[in-house]
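Undergrad: Structure in structure tokens, see below.
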Amino acid sequence: MDISQGEFVSVIGASGCGKSTLFKTIAGLLEPTHGKIMIPSSPSASNRLGQIAYMPQQDLLLPWRTVLDNCLLPWEIKPRSNKQQTISHIREMLSRFGLADVEKAYPHELSGGMKQRVAFLRTLVAGAGGRLILLDEPFGALDAMTKREMHRWLLELWDELSQTVMLITHDLEEALLLSDRIYLLSGGVHSELQEIIVDLPRPRHYKMNYELRFIALREELERRMYATHTF
């Protein structure tokens with residue numbers, strides 16, 4: 508698996524095939540049993556830990572902390588700069604994320620989409636200085652309309668920040684809409700990794716879902732998943 512700077516790459520595959528384990532290994536939470544993870548700025552697992560922004564499946568916001576305090580948590584665990592500078596940076600990002608008006612709100616007062624944006628911002632604070640963002644099914648629990656809005660928001664943010672993003676998803680249309688490339692991971696004794704290039708023009712939008720090339724790519728993904736018994 509090769510990921511270039513600034514790419515958006517998705518990983519799909521059946522539950523239990525190792526997608527989340529792959530992300531935890533890349534992030535430095537686990538050591539690989541075979542092979543190597545090579546990231547120029549963070550070659551070892553200990554260096555990667557805290558240098559890569561990793562967002563797990565649940566938002567994991569602390570219910571007793573406000574939005575601002577939840578986003579400040581990574582700094583409290585591992586201070587890297589002046590606290591006031593960090594707070595100023597978080598407030599700037601809250602404004603960019605459309606969350607400036609809820610910095611004093613608590614998680615139970617937020618919509619599902621807002622919670623995911625707060626969790627994503629906290630992820631960026633945790634991986635400050637890194638250039639790789641790992642997203643493990645961040646939109647799986649959202650309703651269709653909220654998910655669509657989050658896709659639009661994420662694509663705009665990715666284009667603005669120019670960061671490398673890897674996404675785990677079970678949603679084929681989500682993978683096609685967002686990604687430059689898709690890796691299909693199959694489990695079992697004869698596990699393999701297949702690459703699908705998403706040659707759709709950018710910027711992407713939902714009307715593409717009905718275009719012939721999008722439909723053909725989805726059919727190709729489904730065919731490969733059936734062939735490897737992962738669908």
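Quick note on this note's numbering: the sequence shown kicks off at 508 and runs consecutively. The beta carbon of each residue, even a glycine, is placed where N, CA and C say it ideally should be. Everything numeric in this text was worked out from a predicted model, so none of it was measured.
Could you tell me the distance, in whole angstroms, from the CA atom of residue 738 to the CA atom of residue 627?
TA: For the purposes of this step, residue 738 is taken as residue 231 along the sequence shown, with counting starting at 1. For the purposes of this step, residue 627 is taken as residue 120 along the sequence shown, with counting starting at 1. Unreliable positioning characterises residue 738 in this predicted model, as indicated by a pLDDT of 43, which lies under 50. The coordinate reading is nonetheless provided below. Their backbone Cα atoms lie some 28 Å apart in a straight line.
Undergrad: Please list the segments of the alpha helix (DSSP H) lying wholly inside the segment 556–610, counting only runs of 4 or more residues, in order along the chain.
TA: Listed in chain order, the complete alpha helix (DSSP H) runs (minimum 4 residues) inside the segment 556–610 are 574–584 and 590–603.
Undergrad: With a threshold of 7 Å between beta carbons, is residue 727 in contact with chain C?
TA: Looking for chain C here will not work: only one protein chain is present.
Undergrad: For my contact list, residue 527 and residue 643 are in at a C-beta cut-off of 8 Å; report their separation, rounded to the angstrom.
TA: Against the sequence shown, residue 527 aligns to sequence position 20. Against the sequence shown, residue 643 aligns to sequence position 136. Going by Cβ atoms, the distance from residue 527 to residue 643 rounds to 6 Å, so yes, they are a contact pair.
Undergrad: Check for me: the beta strand (DSSP E) holding residue 515 runs from which residue to which?
TA: Here residue 515 is taken as the residue at index 8 of the sequence shown, counted from 1. Looking at the DSSP string, the run of the beta strand (DSSP E) that includes residue 515 is 515–519.
Undergrad: I'd like to confirm the pairing. Which residues does DSSP put opposite residue 702 in its beta bridges?
TA: For this step, residue 702 is matched to residue 195 along the sequence shown. Its beta-bridge partners are 690.
Undergrad: Short check: CB of residue 674 to CB of residue 517, under 7 Å?
TA: As a first step, residue 674 is located in the sequence shown; it is residue number 167 there, counting from the start. As a first step, residue 517 is located in the sequence shown; it is residue number 10 there, counting from the start. Closer than 7 Å, so yes.
Undergrad: Please state whether DSSP places residue 643 in a helix, a strand or coil.
TA: On the sequence shown, position 136 is the one that residue 643 refers to. Looking at residue 643 - three-state DSSP - the assignment turns out to be strand.
Undergrad: Using 10 angstroms around the beta-carbon of residue 571, count the other beta-carbons present and answer buried if the total reaches 16, otherwise exposed.
TA: Within the sequence shown, numbered from 1, the residue matching residue 571 stands at position 64. Exposed.
Undergrad: Please classify residue 540 as buried or exposed, where buried requires at least 16 other C-beta atoms within 10 Å of its C-beta.
TA: The residue you call residue 540 lines up with position 33 of the sequence shown. Answer is exposed; the Cβ neighbour count stays below 16.
Undergrad: Mind checking residue 711: buried by the 16 CB within 10 Å criterion, or exposed?
TA: For this step, residue 711 is matched to residue 204 along the sequence shown. Answer is buried; the Cβ neighbour count reaches 16.
Undergrad: Residue 673 bridges to which residues according to DSSP?
TA: For this step, residue 673 is matched to residue 166 along the sequence shown. Beta-bridge pairing links residue 673 to 516 and 641.
Undergrad: Within this structure, are the beta carbons of residue 728 and residue 705 separated by less than 7 Å?
TA: Taking the sequence shown and counting its residues from 1, the one referred to as residue 728 is at position 221. Taking the sequence shown and counting its residues from 1, the one referred to as residue 705 is at position 198. No; because the gap between Cβ atoms is not below 7 Å, this pair is not in contact.
Undergrad: Taking only the alpha-carbon atoms, compute the straight-line gap between residue 726 and residue 720 and give it to the nearest angstrom.
TA: Locating residue 726 in the sequence shown gives position 219, counting from the first residue. Locating residue 720 in the sequence shown gives position 213, counting from the first residue. So the two alpha carbons sit approximately 10 Å from each other.
Undergrad: Rounded to whole angstroms, how far is the Cβ of residue 574 from the Cβ of residue 610, which I believe are closer than 8 Å?
TA: On the sequence shown, position 67 is the one that residue 574 refers to. On the sequence shown, position 103 is the one that residue 610 refers to. Residue 574 to residue 610, Cβ: 5 Å. Contact.
Undergrad: If you check the beta carbons only, do residue 605 and residue 653 fall under 7 Å apart?
TA: On the sequence shown, residue 605 is found 98 positions in, with the first residue counted as 1. On the sequence shown, residue 653 is found 146 positions in, with the first residue counted as 1. The answer is no: Cβ separation not under 7 Å.
Undergrad: Check this for me: beta carbons of residue 689 and residue 560, under 7 Å apart or not?
TA: As a working note, residue 689 is residue 182 in the sequence shown. As a working note, residue 560 is residue 53 in the sequence shown. Result no, Cβ atoms of residue 689 and residue 560 do not sit closer than 7 Å.
Undergrad: Are there 16 or more other CB atoms within 10 angstroms of the CB of residue 716, so buried, or fewer, so exposed?
TA: As a position in the sequence shown, residue 716 is number 209, starting the count at 1. Flag for residue 716 reads exposed.
Undergrad: Which stretch, first to last residue, makes up the alpha helix (DSSP H) that contains residue 621?
TA: Within the sequence shown, numbered from 1, the residue matching residue 621 stands at position 114. Where residue 621 is concerned, the enclosing alpha helix (DSSP H) stretches over 619–633.
Undergrad: To the nearest whole angstrom, what separates the beta carbons of residue 692 and residue 520, a pair I think is in contact under 8 Å?
TA: For the purposes of this step, residue 692 is taken as the residue at position 185 of the sequence shown. For the purposes of this step, residue 520 is taken as the residue at position 13 of the sequence shown. The pair is a contact, with the Cβ atoms about 4 Å apart (cut-off 8 Å).
Undergrad: Round the Cβ separation of residue 638 and residue 671 to the nearest angstrom and send it over; I've been treating them as touching at under 8 Å.
TA: Position 131 of the sequence shown holds residue 638. Position 164 of the sequence shown holds residue 671. Indeed they touch by this definition, with Cβ atoms about 6 Å apart.
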